[in-house]
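Numbering (the working numbering) for the sequence shown: 4 to 68.
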Amino acid sequence: MYFFKHAEIREDFKSPGILLAAKKLDYLMMSEDERCAYDGYLAYLGQELGIIDTAKAEGKERNAD
Numbered sequence: 004m005y006f007f008k009h010a011e012i013r014e015d016f017k018s019p020g021i022l023l024a025a026k027k028l029d030y031l032m033m034s035e036d037e038r039c040a041y042d043g044y045l046a047y048l049g050q051e052l053g054i055i056d057t058a059k060a061e062g063k064e065r066n067a068d
């Protein structure tokens, strides 16, 4: 109820569902420019993880030969 009444999550709430709701609320409270920058950052992280995964797979292939 506190979440709906105050549009915020108290820091003493520790439930995983509440923490997820807090992250979504933070995202929704961002300005359009902030959301755009955040989305770009997440896309960048995904790309970097893909590069790392590819490098690991290539390294394993070389070691297997």
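Beta carbons: idealized from backbone N, C-alpha and C, even for Gly.
Mapping the DSSP letters down to three states, classify residue i as helix, strand or coil.
| i | result |
| --- | --- |
| Met32 | helix |
| Glu51 | helix |
| Glu14 | coil |
| Asp68 | coil |
Would you mind giving the Cβ-Cβ distance between residue i and residue j, rounded to the nearest angstrom? I have them listed as a contact below 8 angstroms.
| i | j | result |
| --- | --- | --- |
| Tyr30 | Arg38 | 7 angstroms |
| Met33 | Tyr41 | 7 angstroms |
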